[in-house]
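Residue numbers (my numbering), protein chains in the order written: chain A, 32 to 649; chain B, 807 to 1030.
All residues carry an ideal CB built from backbone N, CA and C; glycine is no exception.
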Ligand code: SF4
C-alpha cells in the first residue's frame, strides 16, 4: 500500500505511475529477513531507467540472494521533486516505499555524464550528504558502476567506491564482504580498505592526486595497499553468466518496453571515436541456444511481443543465422517481433533481410559518421559509400521508403570538404531511391540526417584530441544546412552546448567535483534533457570555481601527459591507442578484429581469450 | 469464437495506471496467461480487448467490465485463474462470464468518495454546502473536450448528471455516495463534479479517493 502522504502528492503530479511500484514481477521481500537492503538507483526518469537491460540483470541478480533485497529508485521528475521537498517526503524505493537513507547500499548506474547532477540530487533527496567524506557511517555505502566509471574522477568525491567493468560477479563479492564487516561492526574506512582488495573495485579516497602548475595531473598515488591500477572486471563466459528469468513489466509506457537479449559483448570494429567500441572489450559471444532459452523465458513471464537482440553491432554476431532459425518458428507462432538494432550496412546480407521481412521493420539506419571516405578512414569507420548505396538500393527495392543517416561534425582532421560531404552522401541516397526501378510506387523518400558533435572520450584513440569550440561547431552546422538542396532530406542537430559539457565531464579530473556540486546547487538537474539544460548555470559554476571549460574540452593533450583516468585499467593498452591515433593522422584504417587482431590488449582481461579471434574463424 | 466479459477490480497502486496503459497491460497479460484469444484481422493483428467504461487516472473501481473474444474451449474458471496469476499488484479478476447486457445499456455508475480536509470545520462545511448546492439543481463547470482534434471547453450544469447524492462529514473526513450518469449518451465524470464543488465551496480536500462501486442500467438494476 502507498502511504497517504505519498498519495496526496501523486494526485498532483504528471505520470504518477512512475512513482508507485507494484509492477508485475517486481520483487517483494520481508524487511526483517534480509541482511542487506540495496537501492539500485538510475539517475534519470522511470521510463528511461526501466528500459535499461543492465538494471534488469543486476536487479534480478541481487534479488536471487535470499539475504539481500534489491529495490529500484529513479530520479523523480522536477514536479515530483518539488512536491516531495514541500511535503518532507524523502527519496524512497519503489518496492517497499521505505526511505533509502536507511538502506545498506545505494548503487548508481552512470550511463552518461549528463546524469551526474541527478545523482547528487537523489542523494540529497534521500537526506544524505552528497560528499562521501561527510557520510561517516559504514552504511549506506554509495557505489557506482556503468560506462562513465571508466573515468570516475569528476564524481569521485561523491561516491564511496566504483565498480569499473561488468558488475555481474563483483556485486556479489562486495555484498558478501559488506555483510561480514557490518556484522563485526567495522567502520567505513576499514571496510573500504578491504573492498579495494577485490579485483574490479576502485576506492577513490585511497588515491592521492597532485597537479602540475598548468592544471594537468602530476601523479596519482595509491595508499593503504590499494592497487596501482584498478583493473575492470569482465565475465569470462556469457553463457554461464546470470540472466533473469523474468523482467519487471512496467504498468506505464516506457521507452523500450520489450524483451532484450544481449548476443555478444565488445565490438570488433574499433571506430576511433567510439568509447563503447573499446571499453566493453574483449569480444565474448553468447551461444544461440542460451539466447533462445532466455528469450523464451522472458517472453513467457512478461507477455512482451517484441524481442530486441542487442549488441554494439548485431550483424557481427557470428551465429546469427543459427539464432534466427531457433527464434523464428516460435516467435512467428506467437506473433512476436524480432528487432535487430545496430545493423551495419556492409554485411546486412540479402538473406538476412529476407528473413526479417515478416518481422516488423523500423526505418533503416546507417551511421556513416563522416561525409567523405578520407575522413571515414581516419576515424576507422570501415563503411564505404558503395556499401551504403547498395544496401539502400536493396532496402528501397524491398519497400523501405525512409532512411536515417547519422553523422558527426568536429571529428579530428575534418575539413570543410568533409562537412560538405554529409549533404553529398544524403543526396546520393535520395538519388538511389529515384533511380531504382523497383521503388515503391507513388511514394516519396525521406532521408533524415542527424548530426551530432564529436565528443572525445577516455580509452579511445581520440582521447588526446581537442573538441571543436562552440563557434567552430556552429559554423560547421551552418555549412551542412546550406549545402542541403532538397526537402527529401530532413536535418537535425545535437545541441552544441550539451556536447561541450559532455566533453568536459568525460575527460574531467577530481577538481570538477566542486563545479558539479555548484551547478547542482544552482539548480541543474536532468542536464541530458534539452528543456531542462541550463548551460548558463554551468558556465557560472566554472567561473565560481575558477576552472575553465576550454582546458577540459578544447585542449590537445600530449602523449606525455598523465591522463586523469589512467589508474583505471580497461585492458586497452596505451601504446595501442597511440598507434591508432597516429594512424588516424595518416588516414589509415585498421582492419576489424575478425580479419586481424590489432593488439588492443583487452584479451589480457580474459586470460588471453577474445572471441573475435576464436569463434570468428569457423 | 465466443465473447466474454472480464470483471476487474482496480485499487491501491494500480489506480495510477491510466486507461491507455491498462489496455497495454492487458494485451500483455493475455499473452502471459496463454489464453487462446481471437485476433483481429488485417495488417497488424491484435487480440480484441474492449474496456467498456474508461476509468480516470487515480480512481479505484470494484468492477470494471472488459470484453474479450476467445477461441477454443477453455472454461471461464480456467481463464479467470490464469489471468489472476499474471496481474500487477492492485488488479484482481473478480469474474469471467458471458456478457448479459449490451454495452449500450450502461446508464449510470455508483461512486464512493472519501475526502480528507485539514480540519473538522472545513469537512462539515463542505458536506453541508455540497448537499445544498446539489439540491439547488444548479452547478456549472467547464468541461474540456475535443472536437476535430481541437481542444474545446463548454459550460455544463453538472447537476444534470447527478442521479443521487449523499454527503456526510465525520471528523476531518467527508464521505460521498453518488450515482452519476455514465455511458455513451450522457455521462458525468466524478472528478469534474468534485472540482466543481471545490470551486463553488472554495474548500479543497488534502486527500481524495474515488471508488466506482458498480455500473447500472437505466432501470436502476446492475449492468452485467
Ligand atoms: S584483443 Fe585483438 S581481436 Fe580482441 S578486441 Fe582487442 S584488437 Fe580486437
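Residue contact check for residue 892 of chain B against chain A: a CB pair falls below 8 Å. Non-local beta-carbon contacts of residue 1017 of chain B in its own chain, meaning distances under 6 Å to residues more than five positions away in sequence, involve 866, 918 in chain order. Proximity to residue 271 of chain A across A/359, A/430, A/180, A/199 peaks at A/199, based on C-alpha coordinates. Per DSSP, residue 922 of chain B is one residue of the beta strand (DSSP E) stretching across 914–922. Beta-bridge analysis with DSSP links residue 946 of chain B to B/963. Annotation for residue 981 of chain B: the continuous beta strand (DSSP E) segment containing it runs 979–987. With a beta-carbon spacing of about 10 Å, residue 449 of chain A and residue 510 of chain A fall beyond the 8 Å limit used to define contacts. Short of 6 Å from the beta carbon of residue 58 of chain A, and not among the five residues preceding or following it, lie these beta carbons of its own chain, in chain order: 94. Minimum Cα-Cα distance from residue 205 of chain A among the listed residues A/222, A/310, A/425 corresponds to A/222. In terms of side-chain proximity, the C-beta atom of residue 605 of chain A is found no nearer than 7 Å to any non-hydrogen atom of ligand 1. For residue 236 of chain A, the number of other beta carbons within 10 angstroms of its own is at least 16, and it is reported as buried. Proximity of the beta carbon of residue 629 of chain A to ligand 1 is indicated: a heavy atom of the ligand is located closer than 7 Å.
DSSP places residue 360 of chain A inside the alpha helix (DSSP H), whose first and last residues are 351–364. Measuring C-alpha to C-alpha distances from residue 281 of chain A to each of A/606, A/77, A/209, A/540 identifies A/77 as the nearest. No Cβ-Cβ contact shorter than 8 Å links residue 357 of chain A with residue 202 of chain A. At least one beta carbon of chain B lies nearer than 8 Å to the beta carbon of residue 283 of chain A.
Annotation for residue 308 of chain A indicates a beta carbon at 7 Å or more from all heavy atoms of ligand 1.
A check of alpha carbon separations from residue 122 of chain A across A/517, A/136, A/612, A/158 identifies A/158 as the nearest.
For residue 286 of chain A, there is no enclosing alpha helix (DSSP H), as DSSP marks it with neither H nor E.
Here residue 147 of chain A is actually not in contact with residue 451 of chain A; their C-beta atoms are around 36 Å apart, not less than 8 Å. In this chain, residue 230 of chain A is not harboured by any alpha helix (DSSP H), its DSSP state being neither H nor E. The continuous beta strand (DSSP E) containing residue 812 of chain B extends over residues 808–816.
Taking a C-beta distance under 8 Å as the contact criterion, residue 153 of chain A and residue 74 of chain A qualify as a contact pair. Relative to the non-hydrogen atoms of ligand 1, the Cβ of residue 619 of chain A never comes closer than 7 Å to any of them. The region 488–506 of chain A and the region 425–435 of chain A do not touch, with fewer than three beta-carbon pairs separated by less than 8 Å. Proximity of chain A to residue 917 of chain B at the Cβ level (cut-off 8 Å) is not reached, the minimal Cβ distance being about 16 Å. Uninterrupted alpha helix (DSSP H) stretches at least 4 residues long and entirely within the region 60–123 of chain A occur at 77–80, 84–94, 109–118, given in chain order. Residue side-chain check: residue 634 of chain A places its Cβ nearer than 7 Å to a non-hydrogen atom of ligand 1. From the listed residues A/138, A/50, A/214, the smallest Cα separation to residue 192 of chain A is found for A/138. Here the alpha carbons of residue 132 of chain A and residue 240 of chain A stand approximately 30 Å from one another.
Interface criterion met: the Cβ of residue 822 of chain B is under 8 Å from a Cβ in chain A. In the three-state DSSP reduction, residue 886 of chain B falls in the helix class (H, G or I). Residue 456 of chain A and residue 297 of chain A have their C-alpha atoms some 29 Å from each other. Closer than 8 Å to the CB of residue 1014 of chain B there is at least one CB belonging to chain A.
In the structure shown, residue 1004 of chain B adopts helical secondary structure according to DSSP, grouped into three states.
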